[in-house]
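The opening position of the sequence shown corresponds to residue 1350 in this note's numbering, with each subsequent residue numbered one higher. Even for Gly, the Cβ is constructed at its ideal location relative to N, Cα and C. Some notes on the structure that comes next.
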Amino acid sequence: SGTSGFKDGQISDSEVEQADQALQTIAAALEKGGATMADVVRVVVYVTDAAYFQTVGPVLGKYFKATKPANTTIVCGLVDARMKVEIEVTALKA
């Protein structure tokens, strides 16, 4: 399922900070399952504004610069009006 930028019930107004928090949450979940961000083979990024593609891209690069998984970005509405970014990943642990 998708992961948002919420932490402890709070969310930043910045799409960059939301993306970073979502990826931190994803990294922690993968670690609990015995995987890492290096095991991610696909990323789907949902953004509420097409302009966020430019600002969120570098955040993805920080987490995936070595592996460069397949990436799809979709502009859409999200369930909570405060959310600007939601990220979904698929990981393959060999």
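If you drop the 5 nearest sequence neighbours on each side, which residues of the same chain put their C-beta closer than 7 angstroms to that of L1441? Once the five neighbours on either side are set aside, the close Cβ partners of L1441 are D1388 and V1390.
DSSP beta-bridge partners of S1363: Residue pairing by DSSP places S1363 in no beta bridge whatsoever.
Suppose you measure from the CA of K1356 to the CA of A1443; what does that come to, to the nearest Å? Roughly 30 angstroms between the two C-alpha positions.
Cα separation between G1358 and R1431? Cα atoms of G1358 and R1431: separation of roughly 12 angstroms, rounded to the nearest angstrom.
Whole angstroms is fine: what's the gap from G1406's alpha carbon to E1380's? C-alpha separation (whole angstroms): 23 angstroms.
Go through the segment 1382 to 1413 residue by residue and report every complete run of the alpha helix (DSSP H) that reaches 4 residues or more, in order. Within the segment 1382 to 1413, the complete alpha helix (DSSP H) runs of at least 4 residues are 1401 to 1413.
In three-state DSSP terms, what is T1374? In the three-state DSSP reduction, T1374 falls in the helix class (H, G or I).
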